[in-house]
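Undergrad: Per full-length UniProt numbering: the sequence shown ends with 548, consecutive numbering throughout.
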Amino acid sequence: MATWLRLPGRAPRPRRPAQPRRCAGGPAGLCAALLRTDGFVGGRWLPAAAAFPVHDPASGAELGLVADCGVREARAAVRAAHEAFRGWRGASAKERSSLLRKWYDLMMQNKDDLAKIITAESGKPLKEAQGEIVYSALFLEWFSEEARRIYGDVIYTPAKEKRALVLKQPLGVAAVITPWNFPSAMITRKVGAALAAGCTVVVKPAEHTPFSALALAELANQAGIPPGVYNVIPCSRKKAKEVGEALCTDPLVSKISFTGSTATGKVLLHHAAGSVKRVSMELGGHAPFIVFDSANVDQAVAGAMASKFRNSGQTCVCSNRFLVQRGIHDSFVKKFAEAMKTNLRVGNGFEERTTQGPLIDEKAVEKVEKHVSDAVSKGATIVTGGKRHQLGKNFFEPTLLSNVTRDMLCSHEETFGPLAPVIKFDTEEEAVAIANAADVGLAGYFYSQDPAQIWRVAEQLEVGMVGVNEGLISSVECPFGGVKQSGLGREGSKYGIDEYLELKYVCFGGGTIYLPLDLEVLSMLGLGLCLKLHRNLCTRILFRYVHA
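#1: Distance cutoff 8 Å, beta carbons only. Does LEU46 sit that close to anything in chain D?
#2: Between the region 349-365 and the region 114-125, do three or more beta carbon pairs fall short of 8 Å?
#3: Below 8 Å, how does it come out for the region 253-268 and the region 179-191: are there three or more Cβ pairs, yes or no?
#4: Within 10 angstroms of its Cβ, does LEU472 collect 16 or more other Cβ (buried), or is it exposed?
#5: Which same chain residues end up closer than 6 Å to ILE155 when comparing Cβ atoms and leaving out the 5 residues on each side of it in sequence?
#6: Hey, quick one: how far does the beta strand (DSSP E) through TRP88 stretch, first residue to last?
#7: With H, G and I counted as helix, E and B as strand and the rest as coil, what does DSSP make of ALA164?
#8: Look up ILE360 in the DSSP assignment and give the residues it is bridged to.
#9: Excluding the 5 residues preceding and the 5 following LYS162 in the sequence, name in chain order all residues of the same chain whose CB lies nearer than 8 Å to its CB.
#10: Is the Cβ-Cβ distance between GLU141 and LYS494 less than 8 Å?
#11: Can the beta-carbon of ILE454 be found closer than 8 Å to that of VAL432?
#12: Cβ atoms of VAL365 and PHE322: under 8 Å apart, would you say?
#13: In this structure, how does DSSP classify CYS507 when only helix, strand and coil are distinguished?
#14: Tell me the DSSP secondary structure of SER474 in three-state form.
#15: Assuming VAL301 contacts VAL173 (C-beta within less than 8 Å), just tell me the rounded distance between them.
#16: Between the alpha carbons of ALA375 and VAL404, how many angstroms are there, rounded?
#17: Quick one: is THR264 buried, meaning 16 or more other Cβ sit within 10 Å of its Cβ, or exposed?
#18: Which runs of the alpha helix (DSSP H), 4 residues or longer, sit entirely within the region 321-369?
#19: Using DSSP with H/G/I as helix, E/B as strand and the rest coil, what is ASN311?
#20: Taking the straight line between their C-alpha atoms, what separation do you get for SER307 and ALA206?
#21: Helix, strand or coil: how does DSSP classify LEU442 here?
#22: Which residue or residues does DSSP assign as beta-bridge partners of VAL466?
#23: Assess, as a yes-or-no matter, whether the region 190-209 is touched by the region 174-181 under the definition of 3 or more beta carbon pairs within less than 8 Å.
#24: According to DSSP, simplified to helix, strand and coil, what is LEU126?
#25: Just to confirm, is the Cβ distance from GLU282 to CYS316 under 8 Å?
#26: Taking the straight line between their C-alpha atoms, what separation do you get for ARG21 and GLU462?
#27: Give me, in chain order, the residues of the same chain whose beta-carbon lies closer than 7 Å to that of HIS271; leave out the 5 immediate sequence neighbours on both sides.
#28: Per DSSP, which one or two residues make a beta bridge with TYR156?
#29: Taking the beta carbon of GLN390 as the centre, do at least 16 other beta carbons fall within 10 Å, making it buried, or is it exposed?
#30: At what residue ranges does the region 183-234 contain a whole run of the beta strand (DSSP E), taking only runs of 3 or more?
#31: Whose C-alpha, out of ALA76, HIS412, ASP113 and ASN110, is nearest the C-alpha of ALA287?
#32: For a quick check, are the C-beta atoms of LEU400 and PHE336 less than 8 Å apart?
#33: Quick one: give me the first and last residue of the beta strand (DSSP E) that ALA51 is part of.
#34: Residues in its own chain within less than 8 Å of ALA115 by CB, not counting five upstream and five downstream?
#35: Since PRO421 sits in a beta bridge, which residues does DSSP pair it with?
#36: For LEU65, report the span of its beta strand (DSSP E) as first-last.
Put into structure tokens, the structure is as follows:
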């Protein structure tokens, strides 16, 4: 292994071949080789002084005890990442790309076992979990390619004797705090970009789903990701607040990336403001789904099913409010109810026919109950569903409400569950006004066959992402993020890597100049040693590089 991968005072470790391990059965039939329980810091598996239980939300069974990392472990992980950053930032783009690609390959080779872990700890139907693993791995593939496309600029200034470079350099240590609803994809979408840029990371996964993050650490280790570049510190809900604050206030952390609730995001922003860190936030949503009179009703119903009930409604881009124009309202509600009864089956995520698993915990179920009860008390009608499912305390029936009004809780709060409230409207202006009344703006959807209306509404919706006659919009190639209180920055796409890079402007003056160049500048210029350059020679070298 090249010397840039060595940490100070630590001998290089032998690399394991990039191939899947043979899995013996673990709890609930999970792959024991991937089911890690310790924190992963500096390339080593480290236990903590305490542990916390992780449960299957479908059955309530305990899956295992996981290291309950605290502030001490968080600071150790940050130090390990900071030390590793010295070498990782100096790696060539090709080297970083190659390692990310190996990690991707291992994810794909282990996709079935990784999916089972997601289903066990989150309750997500296995088919959806398998889809998440592929989606998750694709972020590593995408950013392995983007690692080789980090470009700077050469600027010709007004002054003849000056030339300017703009470099893109990695920020440093990134603290990544991820949610339970996509326990694998939300990690790779952030970490793939960070590692491609040359940053190192400390991941704090959600307390409900730490096994997915630790399984990714095992595969990163097998892929040859250097010690300290990828660290994972799981912790219980009891310690989450102090660990989050420690990461946000640590002076060695340069970047915070968080996906979760708007309320928690505001707290983390407050902590990060003290040291003016770069911050990315993907926060709550309250997505409108608008169906205009010109829409194809069958297509709109299909889009509504896809947008609303993925992961039992527990996604940040799920449609949360269905706004249906009066002329098409009754037909849409009838067909939507029929589709729900025909196509949705509540059950354990490991059962083949299941499309709707449990909610993550009883608190989530109570919120859905509260929204349904509030709506009914104010005049809403339950078309189908409306109560807990007989399978257990964490299951709730897919529910459709009609006669919903804007004063109901479900009209202005994110439910994060299998509840579809339908609001009737008369005009386009009314629908857009209702949709934009929220203080968040992550995603929005609408169905229309009117070309002029499509352009108007797409531009007027105050959201970061719009689905036009489409209910599924996420893609690794496209920028993911919101406006208003739905967050800051974008993830995925060619823009995602910029969240982990900073710009540096370098001005070359006239006369004879001395350039104590660092490795990144030398790489840009295609040179291997520090140079004493005359202004004209410098210009010629830059010209040659640009046209190489």
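C-beta atoms are modelled at their ideal positions from N, C-alpha and C, and glycine is treated no differently.
TA: Taking the coordinates as given:
#1: Of the chains in the structure shown, none is chain D; there is only one protein chain.
#2: yes
#3: yes
#4: For the purposes of this step, residue 472 is taken as the residue at position 472 of the sequence shown. Exposed.
#5: As a position in the sequence shown, residue 155 is number 155, starting the count at 1. Cβ neighbours of ILE155 beyond the five flanking positions: ALA164.
#6: Here the question's residue 88 lines up with position 88 in the sequence shown. First-last for TRP88: 71-88, but that is the alpha helix (DSSP H), not the beta strand (DSSP E).
#7: The count along the sequence shown starts at 1 and reaches residue 164 at position 164. ALA164: strand per DSSP, three-state reduction.
#8: Here the question's residue 360 lines up with position 360 in the sequence shown. Paired residue(s): none; ILE360 is not in a bridge.
#9: As a position in the sequence shown, residue 162 is number 162, starting the count at 1. So the list reads CYS507, PHE508, GLY509 and GLY510, once near-sequence residues are dropped.
#10: Position 141 of the sequence shown, counting from 1, holds the residue named residue 141. Position 494 of the sequence shown, counting from 1, holds the residue named residue 494. Not closer than 8 Å, so no.
#11: The residue labelled residue 454 in the question sits at position 454 within the sequence shown. The residue labelled residue 432 in the question sits at position 432 within the sequence shown. Not in contact: ILE454 and VAL432 (Cβ atoms no closer than 8 Å).
#12: As a working note, residue 322 is residue 322 in the sequence shown. As a working note, residue 365 is residue 365 in the sequence shown. Going by C-beta atoms, PHE322 is not nearer than 8 Å to VAL365.
#13: As a working mapping, residue 507 is identified with position 507 in the sequence shown. Correct three-state label for CYS507: strand.
#14: Within the sequence shown, numbered from 1, the residue matching residue 474 stands at position 474. SER474 falls in the coil class under three-state DSSP.
#15: Sequence index remark: in the sequence shown, residue 301 carries index 301 (1-based). Sequence index remark: in the sequence shown, residue 173 carries index 173 (1-based). No, VAL301 and VAL173 are not in contact; Cβ-Cβ is about 47 Å, not under 8 Å.
#16: Within the sequence shown, numbered from 1, the residue matching residue 375 stands at position 375. Within the sequence shown, numbered from 1, the residue matching residue 404 stands at position 404. Cα to Cα, the separation comes out at about 7 Å.
#17: As a working mapping, residue 264 is identified with position 264 in the sequence shown. Buried: at least 16 other Cβ atoms inside 10 Å.
#18: 326-343
#19: Start at 1 with the first residue of the sequence shown, and residue 311 comes out as number 311. Note: ASN311 maps to helix in three-state DSSP.
#20: As a first step, residue 307 is located in the sequence shown; it is residue number 307 there, counting from the start. As a first step, residue 206 is located in the sequence shown; it is residue number 206 there, counting from the start. Each residue's alpha carbon lies about 24 Å from the other.
#21: In the sequence shown, residue 442 corresponds to position 442, counting from 1. LEU442 falls in the coil class under three-state DSSP.
#22: As a working note, residue 466 is residue 466 in the sequence shown. The partner list for VAL466 (beta bridge, DSSP) reads GLY444.
#23: yes
#24: Sequence index remark: in the sequence shown, residue 126 carries index 126 (1-based). Note: LEU126 maps to helix in three-state DSSP.
#25: In the sequence shown, the residue the question calls residue 282 occupies position 282. In the sequence shown, the residue the question calls residue 316 occupies position 316. Yes, the pair counts as a contact, with Cβ atoms nearer than the cut-off.
#26: On the sequence shown, residue 21 is found 21 positions in, with the first residue counted as 1. On the sequence shown, residue 462 is found 462 positions in, with the first residue counted as 1. Interpretation of ARG21 is limited by its pLDDT of 48, a score under 50 that renders its predicted location unreliable; the figure taken from the coordinates is listed afterwards. The alpha-carbon atoms of ARG21 and GLU462 are separated by roughly 47 Å.
#27: Along the sequence shown, one-based indexing puts residue 271 at 271. Same-chain partners within the cutoff: GLU245, CYS248 and THR249.
#28: By 1-based counting over the sequence shown, the position of residue 156 is 156. ARG163.
#29: As a first step, residue 390 is located in the sequence shown; it is residue number 390 there, counting from the start. That one is exposed.
#30: 200-204 and 230-232
#31: Within the sequence shown, the letter at position 287 stands for residue 287. Per the Cα distances, HIS412.
#32: Residue mapping note: residue 400 aligns to position 400 of the sequence shown, counting from 1. Residue mapping note: residue 336 aligns to position 336 of the sequence shown, counting from 1. It is a contact, given that the beta carbons lie within the stated cut-off.
#33: On the sequence shown, position 51 is the one that residue 51 refers to. Residues 51-55.
#34: Looking up residue 115 in the sequence shown gives position 115. The answer, listed in chain order, is LEU126, ALA129, GLN130, GLU132 and ILE133.
#35: On the sequence shown, position 421 is the one that residue 421 refers to. For PRO421, which the question treats as bridged, DSSP gives the partners LEU401.
#36: Here residue 65 refers to the residue found at position 65 when the sequence shown is read from its first residue. Unbroken beta strand (DSSP E) run through LEU65: 62-67.
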